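Residue numbers (my numbering): 231 to 838.
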């Protein structure tokens, strides 16, 4: 385990601007730096990096965090890996903290698998150079040497133990755990991949975590993938994503195809924003991963029945990942074509045009439902609504779901309210209780002209007392020591987070001088992490005016004290009505009433 003190010292030494500038081009505007967000597609810069707070926040998609969090999100690193990478920037050695029962074997074993996969990939690439049949196959498929090198394509010889020359210890556990070899019941080992074109599968960091193998001409299975291992979970990985990330951001959308050769062939023709699933249907994790790259996904399938079935599975996986600011679409190619053959026959421009004109998800969904339900009969219209329910109720995007419900109502002859009742959904409330503006002491720091404004900036609800104090303490961590913990209301997430900060401050372990990001990082993997990160993100856009923060701090404490007095008076008054008060309780009630009166008089004088 990494000591918390080291993490805080590390975050104090590194500058989040320098860290992020290694991956993005930042432009200074005012006190902050801005760039187009790497986690969702956009054309105006809404990704803000605050050097004073050591925190980043995107006004568009809402992602935020410290330098550690950025590396985890952008590069797909684990927490430990992100800390180690930051430490390498600062020239520091990461110490290890041992505790009773702690066993640090897991990470070295994991590293051993990566090393084994890297060595195997190197061997397969070398073998391709001396395999005329494999080279001829790739040439016939139109794959150039440049593209083969970009994707690290190799060849597994037709040899039962070809890897023995690369791994003298062929019986090493890492080879079996990584899926490079198979061990039969008799304990004899042999290579998993033989006489196949090898496609390395990389994670978002570019590490080789698995392989896909394709037969040269005939044979079964046509494609063979690595098994799931500690490195590789096929439902979470996408072939070609590291190579496609920049092209996806540049194009503004990603293309999901079904095979390795489809990705490679499209890249050969300049369509570099394609990825492929790995022998499994598209999963919600795949979709969420791609929506971090852009706001549009195009699923490309063959036009036959198998392609439409695959599209239906992708549709169902997408429903819970949908947002109102993203678009998913389906491209069905002519039955005689797959993406590989289509781009060869018609070229990249025709393929891109087809992708731009792909069928929107909602149109595909409704067409699929209509195809199974004759809408010219009462039974068909009832079935239409019935079949739509399990799909529509899973849609996470509220406005999109509302649009689909209205369309279903129009097509079925029911009212919108009747469809919502049938779906078990409450009608959307038409009342709005938003309040204009902010509150005294709150100062908005506007994003630059080229940055997208944060949503709902004009309808910010005034924070509660705990909310206000939490923002003040995040802006001035030393003030946590001035807070009386018994006054903090713990019925809200903000109040509970504030108490946790006070507790940490009392031990002297609270990060005071390393920036907002470091303070929030202290609460990673705690129940308060999400609350603190959200409030910290708001402080990137707006903060309290330093001219009035002291007054606001004292005023908020006074209000909390007054609220506590009011609650105690109410409790004693109720007790008096029910069972009467003891002399001590009666004396306490009188003291509280006098104290409340003094608060009221003081408030009146301030108002005057």
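For every residue, glycine included, the Cβ atom is placed at its ideal position computed from N, Cα and C.
None of the values given here were measured: they were computed from a predicted structure.
Three-state class that DSSP yields for residue i in the structure shown
i           : result
residue 383 : coil
residue 248 : helix
residue 589 : strand
residue 524 : coil
residue 558 : strand
residue 805 : helix
residue 269 : coil
residue 781 : helix
residue 258 : strand
residue 596 : helix
residue 625 : coil
Beta-carbon proximity check, residue i vs residue j, cutoff 8 Å
i           : j           : result
residue 242 : residue 747 : no
residue 592 : residue 545 : no
residue 517 : residue 469 : no
residue 724 : residue 700 : yes
residue 559 : residue 584 : no
residue 453 : residue 442 : yes
residue 181 : residue 429 : Because the chain spans 231 through 838 in this model, residue 181 falls outside it and cannot be assessed.
residue 572 : residue 562 : no
residue 569 : residue 496 : yes
residue 354 : residue 391 : no
residue 435 : residue 282 : no
residue 179 : residue 696 : The question about residue 179 has no answer here: the residues shown for the chain are numbered 231 through 838.
residue 619 : residue 653 : yes
residue 246 : residue 324 : no
residue 552 : residue 626 : yes
residue 502 : residue 477 : yes
residue 300 : residue 249 : yes
residue 752 : residue 728 : no
residue 704 : residue 765 : yes
residue 642 : residue 622 : no
residue 405 : residue 383 : no
residue 316 : residue 368 : no
residue 347 : residue 412 : no
residue 726 : residue 758 : yes
residue 767 : residue 287 : yes
residue 408 : residue 307 : no
Interface flag, residue i vs chain C, CB-CB below 8 Å
i           : result
residue 288 : Here there is only one protein chain, and chain C is not present.
Delimiting residues of the beta strand (DSSP E) encompassing residue i
i           : result
residue 233 : Careful: residue 233 lies outside any beta strand (DSSP E) and carries neither H nor E.
residue 490 : Premise fails: residue 490 lies in the alpha helix (DSSP H), 490-498, not in any beta strand (DSSP E).
residue 633 : First-last for residue 633: 628-642, but that is the alpha helix (DSSP H), not the beta strand (DSSP E).
residue 462 : Counting along the chain, residue 462 falls outside any beta strand (DSSP E), and DSSP gives it neither H nor E.
residue 504 : 504-506
residue 485 : 484-487
residue 278 : 277-280
residue 454 : 453-455
Same chain, Cβ closer than 6 Å to residue i, neighbours up to 5 away in sequence not counted
i           : result
residue 424 : 386, 388
residue 698 : 786
residue 500 : 578
residue 280 : 262, 770
residue 547 : 512, 513, 514
residue 603 : 610, 613, 614
Own chain residues within Cβ distance below 7 Å of residue i, not counting five before or after
i           : result
residue 763 : 294, 295, 750
residue 426 : 386, 443, 444, 445, 454
residue 515 : 465, 466
Extent of the continuous alpha helix (DSSP H) run through residue i
i           : result
residue 537 : 535-548
residue 441 : Here residue 441 belongs to no alpha helix (DSSP H); instead the beta strand (DSSP E) covers 438-445.
residue 572 : 569-576
residue 647 : 646-652
residue 471 : 471-481
residue 613 : 608-622
Close beta carbons around residue i, own chain, < 8 Å, minus the five adjacent residues each side
i           : result
residue 639 : 645, 646, 648, 649
residue 526 : 271, 482, 483, 484, 556, 557, 558, 559
residue 504 : 470, 474, 484, 485, 486, 487, 492, 493, 496, 497, 530, 569
residue 521 : 270, 527, 551, 553, 556
Note down, one range per segment and in chain order, each beta strand (DSSP E) of at least 3 residues found wholly within the segment 282-367. With a minimum length of 3 residues, the continuous beta strand (DSSP E) runs that stay inside the segment 282-367 are 285-288.
Report the residue ranges of all alpha helix (DSSP H) runs contained in full by the segment 381-429; include only those spanning at least 4 residues, in chain order. 403-407
Enumerate, from N- to C-terminal direction, the unbroken beta strand (DSSP E) stretches of 3 or more residues contained entirely within the segment 689-775. 772-774
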